[in-house]
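Chains R and E, in that order, give the protein sequences.
Just so you know, we're using the numbering used here here: the first sequence kicks off at 696 and counts up by one.
Just so you know, we're using the numbering used here here: the second sequence kicks off at 984 and counts up by one.
Here a beta-carbon is modelled for each residue, glycine too, at the ideal position from N, C-alpha and C.
First the structure, in the form of structure tokens, and then the observations on it.
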Amino acid sequence: MRIQDLAQLSTRMFKTNPLRTWLTILGMGVGTGAVVVLVGLGFGLQQIILEQIVFGETLLSLGVSSTGAQGLSLTPETVVEFEKNPAVLDAAPLARFPALITYKGLTGNVFVQGVEPPYLRYAGVTATEGTVFEEADAGDTNSIMISPATLKLFGIADEDVKAFIGQKVTLKLLVPADDGTDNVNEIVIDKEYIVRGVTKEQGVLNVMMMLPELRNYVGIEEYERIQVRVDSNQNLPIVEAKLIEDGYRVTALSKTVEQASKIFQGIQVVLATFGGIALIVSAIGMFNTMTVTLLERTKEIGIMRTIGASPNDVKYLFVSESVVVGFLGGVTGILMGVVLGLSVNLLLNIVAGQFGGQSVKLFSFPFNFLAFITIFSAAVGYLTGIFPARRASTLNPLDAIRYE
Amino acid sequence: MAKPLIVCRDLSIIYNQGKSNEFKALQGVNTDIFEGEYIILFGASGSGKSTLMYSIQGSLPPGEGTLLIKGDDIYSYPPSERVYFQRYVMGIIFQSFNLIGSLSVLDNVALPMIFCDADRTTRERRAQSLLDRFGVGHVSHKIPAMLSGGQQQRVSVARSMVNDPKILLADEPTGNLDSVSTQQVMDKIDEINTFDRRTIIMVSHNAAHLSYAHRVYYLKDGFIVREVVNPQRKQIKPVKEGETIVTELEQLARLFPYDSVETLRVKSLVNYLTQDFSFDQIIRLERATGMFIQGKVDRDAYIKSLVLPLERGGVEVDTKEARRMASVTESLINNADDIRRYRARKDNNSIFFSQHKLAERISEHLSQKYNIKLNKEQNTNITELIADRVTGVIEDDDLNQRLMKGVKSGGLGLSEKEADDITRYFEKVIAQGVDVSYKN
């Protein structure tokens, strides 16, 4: 039998029994829809977290800080030493000093962080508003980035953050005195800095400027932190182990991501299980329908067999019918799932907006996932159809034709 | 000698073998069916005729024996290859049409070609031309449920022919049809046999169809009890000289299809003892008389057809005899009309009818045949008797007895022979004149 004829013969049920066919498709659709929504939720949650932390270079970086215990400190020499390791591509330091920031007469305590542009990449620092320091900005002496909490310090509301870009602030560094006392020297920087960007760091009062600019005002003997960029994934644990052995404290973002991913995979499995149960229920319903269809069509099978349909023709007819139902069930389910997910998302965002929260994408439906669901539901259709089909093909034509 | 197309040797089929409801549907059946033959498998329900046909069709594997189609044992192939025979060698027609309700008439006819991978244009052209040929081309885009039974069966004949098979199997194709549709379908099947030269194997229990076939296999309780050759058709199966000759039994078998060979032999002999006419003459006489009774021919034409020689389709009786027959028939018909009128008026409670007219005619008959004139009392009595018989107050035996009784006791005082004759004549009249009703 040719494909187009098979298609024509196996879609007759839309004409002869439209209600039952569409109900079966709907049943299948609800099951797949449940899977789509729940797994989509899992994907969405995962993405919300990972979107914040995952960048290519960030994952291949190790954050090194001193434990302080063994008198190990991070100095410019340490940076050079780190870079000697063949597996290390680069090491970027961060220096930190307490400071006072003044904006329109308001003054507050912050930390000034001096970094080089690579550090920002390795640490995954991004801007919610304005721009991040690029490689070209390495020699920048006029602009700074500040954390959102610093804005709160000045009483800037969330919606005014954008307007704050380009504003000017002044800084006063508080540098510990060299004389061994707890005294602090106040170094006044006699110029105004333009705010070029707002970082995403939550809950810290930070101001970020270029390291060379910081050096203009203060001598840097010791770094707070060094980001080590490792050349490859394989070398990451090796370098990490070496650093830990040397007595440094090492944090690897890749680990956090890995753990987060694992947790979300777990969540997804749980969600998919619930969806799967719904899918199994609808598959059983569909199996039932196919079996009833078989009984109903027994006579027709008999007729077809006596006028020249081979057992395989009969089998293909049944299987393709259930694959069509399964496939359409999958498509319906995807439609229902995506529409439901997006509506819930929209609703949540409206509610969140009312209460001043951030808008999020709680559901995510990657194309591959949807494609998989479509194929999977067609496969479920195939499986529910194959047994009735096999039975149909082995019926004795004469018994079948006399079946009433 | 040409080889037979279908050969059955010692074919046995047993349903539910070894169980308590074991049923021997076919027992040691032997048949040779030749290409181009029209074969009818005849028998009552449960005789095994359908079993034999479906076994040939490929749906019922024989328990024992061999079945060869074109020299091939079709049951030696797996079902997936056996399908070849159902596609290209055999077409099938069912009693209940078995069209697929969800497909158009055109698709139904084209369906067997779909299974053969024919492309759309080819199969639709072929299907349409067949539908046109069988007179249902104008309904090709309707669904089967919108067609009459006769149309549906012609559609299914078209379907059976769509792959141009060598053999056409028909399972009581006219069982669900009215007489007009039956005739149309039988004519089409006959045309397929005589014009397209296809082999036909038809299962039937309608004796009226037997004249179409070359040969009829009579089945009873799973056995082939008789094979009857139709002398009116030129035989295809090679007949060895002297081995089987066409006898009167073959002719009788078609007249009395449900009787055994023994009964037929008795019938043949008794016919010789009691009748001057042969069965052939009787059949023709029946046909001519039927036309005369129904008023389709007049008296002269009736006499003419009786006188006409056998070879020209007549009964071949002499003119005097023909005239006698005509007048007897005519008076019988007239008497019957009187009876019909009498019964009609009786039902209407009419007071205008009297039995005198009938009595007059009966007396007339008596006087003609025995030269008896009835006196007044006898006349009164016969009028009474006739009324009683026609209204069903007395049976034919009572009538006979009363005719022999004395005039004083309400009879006519006739002799036994006269009474018998009158009774017989009058029963014939009643048979003609009383409408047979199955309503009650």
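Reference A831 of chain R, options R:A822, R:P813 and R:P1092, closest by Cα: Locating residue 831 of chain R in the first sequence gives position 136, where the first residue counts as 1. That would be R:P813, whose Cα lies nearest to the Cα of A831 of chain R.
Relative to the alpha-carbon of Y1241 of chain E, which residue among E:G1278, E:H1188 and E:I1377 has its alpha-carbon at the smallest distance? As a position in the second sequence, residue 1241 of chain E is number 258, starting the count at 1. That would be E:H1188, whose Cα lies nearest to the Cα of Y1241 of chain E.
Beta bridge counterpart(s) of A947 of chain R as assigned by DSSP: Start at 1 with the first residue of the first sequence, and residue 947 of chain R comes out as number 252. Per DSSP, R:L757.
With 7 Å set as the bound, which would you pick, yes or no: does the beta-carbon of K1422 of chain E sit closer than that to a beta-carbon of chain R? Walking along the second sequence from the start, residue 1422 of chain E turns up at place 439. Unreliable placement is indicated for K1422 of chain E, whose pLDDT of 43 sits below 50; the coordinate value is still reported in the next sentence. Chain R, which has no Cβ nearer than 7 Å to the Cβ of K1422 of chain E, makes this no.
Any heavy atom of the ligand NAD inside 6 Å of the beta-carbon of V1208 of chain E? Within the structure as shown, the ligand NAD is missing, as the structure has no ligands at all.
Flag R697 of chain R as yes if its beta-carbon sits less than 7 Å from any beta-carbon of chain A, otherwise no. Absent here is chain A; the protein component of the structure consists of chains R and E.
What alpha helix (DSSP H) runs, 4 residues minimum, are completely inside the stretch 978-1062 of chain R? Whole alpha helix (DSSP H) segments, 4+ residues: 1006-1049.
Any chance the stretch 942-951 of chain R sits against the stretch 755-775 of chain R, with 3 or more Cβ pairs inside 8 Å? yes
Would a C-beta distance cut-off of 7 Å place D1412 of chain E and N1318 of chain E closer than the cut-off? Residue mapping note: residue 1412 of chain E aligns to position 429 of the second sequence, counting from 1. Residue mapping note: residue 1318 of chain E aligns to position 335 of the second sequence, counting from 1. It is Val, not Asp, that sits at residue 1412 of chain E in the sequence shown. Yes, Cβ-Cβ distance for V1412 of chain E and N1318 of chain E is below 7 Å.
Counting only beta-carbon separations shorter than 7 Å, does P1006 of chain R have a partner in chain E? The count along the first sequence starts at 1 and reaches residue 1006 of chain R at position 311. At least one chain E Cβ lies under 7 Å of P1006 of chain R.
Partners in chain E for E995 of chain R, counting only beta-carbon separations shorter than 7 Å: If you number the first sequence from 1, residue 995 of chain R lands on position 300. Identification of chain E residues near E995 of chain R by a Cβ-Cβ cut-off of 7 Å yields I1083, ordered along the chain.
P1148 of chain E and G1046 of chain E: beta carbons closer than 7 Å? For the purposes of this step, residue 1148 of chain E is taken as residue 165 along the second sequence, with counting starting at 1. For the purposes of this step, residue 1046 of chain E is taken as residue 63 along the second sequence, with counting starting at 1. Contact: no.
Short of 7 Å Cβ to Cβ, which residues in the stretch 1048-1081 of chain E face chain R? P1062, S1063, V1066, Q1069, R1070, I1075 and N1081
Do you know offhand how far Y888 of chain R's Cα is from Q960 of chain R's? Start at 1 with the first residue of the first sequence, and residue 888 of chain R comes out as number 193. Start at 1 with the first residue of the first sequence, and residue 960 of chain R comes out as number 265. The straight-line gap from Cα to Cα measures roughly 45 Å.
For a minimum of 3 consecutive residues, which ranges assigned as the beta strand (DSSP E) are wholly contained in the stretch 1169-1252 of chain E? Fully enclosed beta strand (DSSP E) runs of 3 or longer: 1182-1187, 1198-1203 and 1206-1212.
Interface partners of L718 of chain R on chain E, CB under 7 Å: As a first step, residue 718 of chain R must be located in the first sequence, where it is residue number 23. Ordered by position in chain E, no residue passes the 7 Å Cβ test against L718 of chain R, which lies about 18 Å from the chain.
Whole-number beta carbon distance between V934 of chain R and A794 of chain R, since they are thought to touch under 8 Å: Residue 794 of chain R sits at position 99 when you count from the first residue of the first sequence. Residue 934 of chain R sits at position 239 when you count from the first residue of the first sequence. So it is not a contact: roughly 33 Å between Cβ atoms.
What residue from R:N1007, R:A1095 and R:T1027 has the CA that sits closest to M696 of chain R's CA? As a first step, residue 696 of chain R is located in the first sequence; it is residue number 1 there, counting from the start. Considering only alpha carbons, the answer is R:N1007.
Report yes or no: is there a C-beta of chain E within less than 7 Å of the C-beta of T988 of chain R? Along the first sequence, one-based indexing puts residue 988 of chain R at 293. For T988 of chain R, the answer is no, since every Cβ of chain E falls outside 7 Å of its Cβ.
Which residues DSSP lists as bridging P788 of chain R, in chain order: As a position in the first sequence, residue 788 of chain R is number 93, starting the count at 1. Residue pairing from DSSP places P788 of chain R in a beta bridge opposite R:I921.
Nearest by alpha-carbon distance to V856 of chain R: which of R:I1068, R:R891, R:L704 and R:W717 is it? The residue given as residue 856 of chain R occupies position 161 in the first sequence. Ranking R:I1068, R:R891, R:L704 and R:W717 by Cα distance to V856 of chain R puts R:R891 first.
Three-state secondary structure (DSSP) of K1422 of chain E: The residue labelled residue 1422 of chain E in the question sits at position 439 within the second sequence. Low confidence applies here, because K1422 of chain E scores a pLDDT of 43, under 50, leaving its location unreliable and the question unanswered by this model.
Note down, in chain order, every chain E residue with its Cβ under 7 Å from the Cβ of P1092 of chain R. Taking the first sequence and counting its residues from 1, the one referred to as residue 1092 of chain R is at position 397. Result: S1042.
So, with DSSP's three-state summary, where would you put L1315 of chain E? Numbered from 1 along the second sequence, position 332 holds the residue referred to as residue 1315 of chain E. Three-state DSSP puts L1315 of chain E in a helix.
Against chain E, with Cβ distances strictly below 7 Å, would I1081 of chain R count as a contact? Taking the first residue of the first sequence as position 1, residue 1081 of chain R is located at position 386. Closer than 7 Å: no.
When burial is assigned at 16 or more other CB atoms within 10 Å of the CB, is D1170 of chain E buried or exposed? Counting from 1 along the second sequence, the entry for residue 1170 of chain E is found at position 187. D1170 of chain E comes out exposed.
Counting only beta-carbon separations shorter than 7 Å, does T968 of chain R have a partner in chain E? Counting from one through the first sequence, the residue named residue 968 of chain R turns up at place 273. Chain E contact via Cβ: absent.
Determine, using beta carbons only, whether L1089 of chain E and G1132 of chain E come nearer to each other than 7 Å. Locating residue 1089 of chain E in the second sequence gives position 106, where the first residue counts as 1. Locating residue 1132 of chain E in the second sequence gives position 149, where the first residue counts as 1. No, Cβ-Cβ distance for L1089 of chain E and G1132 of chain E is not below 7 Å.
Could you tell me how far apart the beta carbons of A833 of chain R and Y918 of chain R are, in whole angstroms, since I believe they sit closer than 8 Å? Counting from 1 along the first sequence, the entry for residue 833 of chain R is found at position 138. Counting from 1 along the first sequence, the entry for residue 918 of chain R is found at position 223. Wrong, their Cβ atoms sit about 17 Å apart, outside the cutoff.
Given that R707 of chain R touches chain E, what residues does it touch there, using C-beta distances under 8 Å? In the first sequence, residue 707 of chain R corresponds to position 12, counting from 1. Those within 8 Å of R707 of chain R in chain E are S1085 and L1086.
Beta-carbon proximity check, A1110 of chain E vs V1122 of chain E, cutoff 7 Å: By one-based count along the second sequence, residue 1110 of chain E stands at place 127. By one-based count along the second sequence, residue 1122 of chain E stands at place 139. No. Outside cutoff.
DSSP three-state label for C991 of chain E, please. Residue mapping note: residue 991 of chain E aligns to position 8 of the second sequence, counting from 1. Strand.
DSSP state of S838 of chain R mapped onto helix, strand, coil: Against the first sequence, residue 838 of chain R aligns to sequence position 143. Here S838 of chain R sits in strand by DSSP.
Just the C-alpha distance for V1390 of chain E and T1157 of chain E, rounded to the nearest angstrom, thanks. Residue mapping note: residue 1390 of chain E aligns to position 407 of the second sequence, counting from 1. Residue mapping note: residue 1157 of chain E aligns to position 174 of the second sequence, counting from 1. Approximately 58 Å, taken between the alpha carbons.
Could you give the residue range of the beta strand (DSSP E) that holds L1009 of chain E? Residue numbering aside, residue 1009 of chain E sits at position 26 when the second sequence is read from its first letter. That run of the beta strand (DSSP E) goes F1006 to I1016.
When you compare only the Cα positions, how much space is there between I1022 of chain E and I1184 of chain E? As a working mapping, residue 1022 of chain E is identified with position 39 in the second sequence. As a working mapping, residue 1184 of chain E is identified with position 201 in the second sequence. Taking the straight line from one Cα to the other gives about 5 Å.
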